[in-house]
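95 is the number that our numbering gives to position 95 of the sequence shown; each next residue is one higher, with no gaps.
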Amino acid sequence: MSIADNIKNLKKETGDDNVKLIAVSKTKPVEVLQEAYDAGQRVFGENNVQEMVEKQEKLPKDIEWHLIGHLQTNKVKYIASFISLIHSVDSLKLLQEIDKQAAKNKRVIDCLLQIYIADEETKFGLGFDEAIELLRSEEFTALKNVRIVGLMGIATNTDNEKQLKEEFYELHTFFTGIKTSFFRKEDSFKELSMGMSADYKIAIEEGSTMIRVGSLIFGQRLIPHWKNN
Ligand SMILES: *Cc1c(COP(=O)(O)O)cnc(C)c1O
1 MSIADNIKNL
11 KKETGDDNVK
21 LIAVSKTKPV
31 EVLQEAYDAG
41 QRVFGENNVQ
51 EMVEKQEKLP
61 KDIEWHLIGH
71 LQTNKVKYIA
81 SFISLIHSVD
91 SLKLLQEIDK
101 QAAKNKRVID
111 CLLQIYIADE
121 ETKFGLGFDE
131 AIELLRSEEF
141 TALKNVRIVG
151 LMGIATNTDN
161 EKQLKEEFYE
171 LHTFFTGIKT
181 SFFRKEDSFK
191 ELSMGMSADY
201 KIAIEEGSTM
211 IRVGSLIFGQ
221 RLIPHWKNN
């Protein structure tokens, strides 16, 4: 099936407005992104700063760019002028740098806190306690040019549906608690980014508002696993 068909089918399943489809285009050339763009897709996710910047320069300016992979503080400056959403905030230090670069660009940058939910050693993210500690800190409260609009999580790479369901459920429950404790008055805190090609259906059932789908739209990525994540 074509990229256009894949996007159309996914949009049908996500019920269009309820769940936002982020087309994860990492490793794919601009021609392929353009094809998705021509099929109506406007939101793209990348995990590498340099790759995102190169693509952003070549593609239409009404694309919403989402950074979904681990972000190094020294790279924030390259995306601060155009980034729509950073899914992968996993430290106060990173958030402070995003705030600084956002201020330089006279804007507010929307971010998600990446929460560690997987039963694996390799995934980045904050533990539940660390996230709470960050949100409680005076340093966080002082930031004026970042806005936390929700949480993101990557589930364990497993076929075990029960485990996936539990991990997503746990993240949703934590999200609800964080909303109540820290963002009760902020309508903008509403995003729960969870679900990828293999597990997006379960993620939607468990309350996802943003799914990050790559291979199901663009086909398999033919590069080593360690470069994919
Ligand atoms: C690569 C990646 C995805 C998409 O993975 P697929 O299995 O191709 O859908 C989603 N989220 C993150 C954080 C990724 O790095």
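We put the beta carbon where it would ideally sit given N, CA and C, even for glycine.
- L95 and N160 have their C-alpha atoms some 34 Å from each other.
- Apart from the 5 residues on each side of it in sequence, G45 sits with its Cβ closer than 6 Å to the Cβ of I22, V24, H66, I68, R212 in its chain, given in chain order.
- Between V30 and K55, the beta carbon gap of about 5 Å places them in contact (Cβ cut-off 8 Å).
- In this structure, DSSP gives E206 a state outside helix and strand, which the three-state scheme calls coil.
- DSSP places R136 in the helix class (H, G or I) of the three-state scheme.
- The criterion of a C-beta distance shorter than 8 Å is satisfied by F124 and S88.
- Taking the CA atoms as reference points, M196 sits about 24 Å from L59.
- If you look at L126, you'll find it isn't in any beta strand (DSSP E); DSSP assigns it neither H nor E.
- DSSP places S215 in the uninterrupted alpha helix (DSSP H) bounded by 215-218.
- V149 is positioned such that its CB atom lies no closer than 8 Å to that of E97.
- For V24, the enclosing beta strand (DSSP E) begins and ends at 20-24.
- Cβ atoms of S81 and N105 come within 8 Å of each other, at about 5 Å.
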